[in-house]
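Working notes, structure below.
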Amino acid sequence: MTKSDYYADVLQAAEYIRSQVTDIPDACLVLGSGLGPLTDRVETISEIPYENIPHFPRTTVAGHDGKLLVAKLSGKLTFIMKGRFHYYEGYSTQEATFYVRVMATLGVKTLVMTNAAGGINTDMKPSELMVITDHIGLFCDSPLRGKNLDEFGPRFPDQTRVYDSGLSDLLKASAKELGITLHQGVYAYTRGPQYETPAEIRALKILGADAVGMSTVAEAIAASHCGMRILAVSCITNFAAGISGQPLSHAEVMENANASSKNSIALMEKFFSKL
Ligand code: HPA
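In our numbering, the protein residues as written are 11 to 285.
As structure tokens, then:
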């Protein structure tokens, strides 16, 4: 796909969304595993199935719905992405981050992402939460590869502060008020869909990773290129491969994501009430 096709597609998708909503929120929340039930607790104003949005990819993961909501979350008008796109589903990182460019085009300033991750740092126990301070994206195809989209940002964007410390301070304050344990650390990206080997986890640990997962990084790169403020939170759903000696399973990941759902939802609600 040439640059102009991609940019034209972004503009068309943004135009469609604009035609469907009255007010454009200035934040977008991307729901990861376990946070789905949050949508039952918000005041939904508009609901747009992804398949209605021109050029939007479809989600292929079971349990991921595929719709964009405009909703009031703790009184704050917010875009909520129910279902996201992963490289392991077969999308390129350009496709997986298409929505980020659409949000930026609509004028959204803040991107809040949640995800499930394996814990490498053993201070963190399954079902606890970690705010991402930085990432290791060495294995991530850059969503910025190819001709630069100057409309969004520079050819060689700085990555010194991808995650916004003001937003993470707000999240920490929210966690403290609620008495929820919130770790902080470095998230390493792997392409998946296979989980890592124990040797890979040992290597990632040496590289400085506290947690590992298969999402978020490409989106954070695209959003930082667009100058968005980014917050990302991982739900630690399991000890990473080789740490407990037990095999990893999607069932365990979902079980712990669901076990932490109450805390993740309460934390997001408190955070948005302060935003
Ligand atoms: N590895 C990669 N992705 C994950 C994991 C993991 O251990 N747990 C949840 N998502």
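A virtual CB, placed ideally from N, CA and C, is assigned to each residue, including glycine.
Values in this document were obtained by computation on a predicted structure and should not be read as measured data.
Limits of the alpha helix (DSSP H) - the one that residue i falls within
i, result
"Met91", "That residue, Met91, is in no alpha helix (DSSP H); its beta strand (DSSP E) goes Lys86 to Lys92."
"Leu181", "Ser175 to Leu188"
"Phe281", "Ser271 to Lys284"
"Ala209", "Pro208 to Leu217"
"Glu105", "Thr103 to Ala106"
"Ile240", "Ile240 -> not in any alpha helix (DSSP H); beta strand (DSSP E) instead, spanning Arg239 to Phe249."
"Glu229", "Val227 to His235"
Buried/exposed call for residue i, threshold 16 Cβ in 10 Å
i, result
"Phe281", "buried"
"Leu79", "buried"
"Pro67", "buried"
"Pro136", "buried"
"Arg111", "buried"
"Phe149", "exposed"
"Pro153", "buried"
"Asn62", "exposed"
"Thr107", "buried"
"Gly176", "exposed"
"Thr32", "exposed"
Closer than 7 Å: residue i CB and nearest the ligand HPA heavy atom
i, result
"Thr247", "yes"
"Glu57", "no"
"Glu229", "no"
"Gly223", "yes"
"Gly202", "yes"
"Tyr197", "no"
"Val263", "yes"
"Leu258", "yes"
"Gly128", "yes"
"Ala250", "yes"
"Glu206", "yes"
Contact check, residue i vs residue j, beta carbons under 8 Å
i, j, result
"Gly218", "Ile146", "yes"
"Asn266", "Gly195", "no"
"Thr88", "Pro35", "yes"
"Val172", "Asp144", "yes"
"Glu99", "Ala81", "no"
"Ala230", "Ile246", "no"
"Ala269", "Ile142", "no"
"Leu139", "Leu214", "no"
"Leu39", "Thr115", "no"
"Tyr109", "Arg201", "no"
"Ala127", "Ser234", "no"
"Glu105", "Lys77", "no"
"Gly129", "Ser283", "no"
"Glu161", "Tyr17", "yes"
Selected residue, minimal CA-CA separation from residue i, among the options
i, options, result
"Phe95", "Thr132, Gly42 and Asn62", "Gly42"
"Leu159", "Ala232, Pro136 and Ile27", "Ala232"
"Cys236", "Gly176, Arg165, Ile211 and Lys272", "Arg165"
"Met238", "Gly117, Asn273 and Leu285", "Gly117"
"Ser274", "Tyr26, Gln104 and Arg51", "Arg51"
"Glu279", "Val112, Arg155 and Leu188", "Leu188"
"Leu45", "Thr124, Glu61, His65 and Tyr60", "Thr124"
"Tyr197", "Thr170, Pro208, Ser184 and Thr226", "Thr226"
"Ala251", "Lys284, Glu262, Lys157 and Ala209", "Ala209"
"Thr170", "Lys77, Ile240 and Tyr60", "Ile240"
"Ala276", "Leu258, Ile55 and Lys182", "Lys182"
"Asp174", "Lys157, Ile55 and Lys119", "Lys119"
"Leu285", "Asp179, Asp19 and His65", "Asp179"
"Ser29", "Pro64, Tyr17 and Ala228", "Pro64"
Residue range of the beta strand (DSSP E) that includes residue i
i, result
"Met123", "Thr120 to Gly129"
"Met140", "Leu139 to Ile146"
"Lys135", "No beta strand (DSSP E) contains Lys135, which DSSP labels as neither H nor E."
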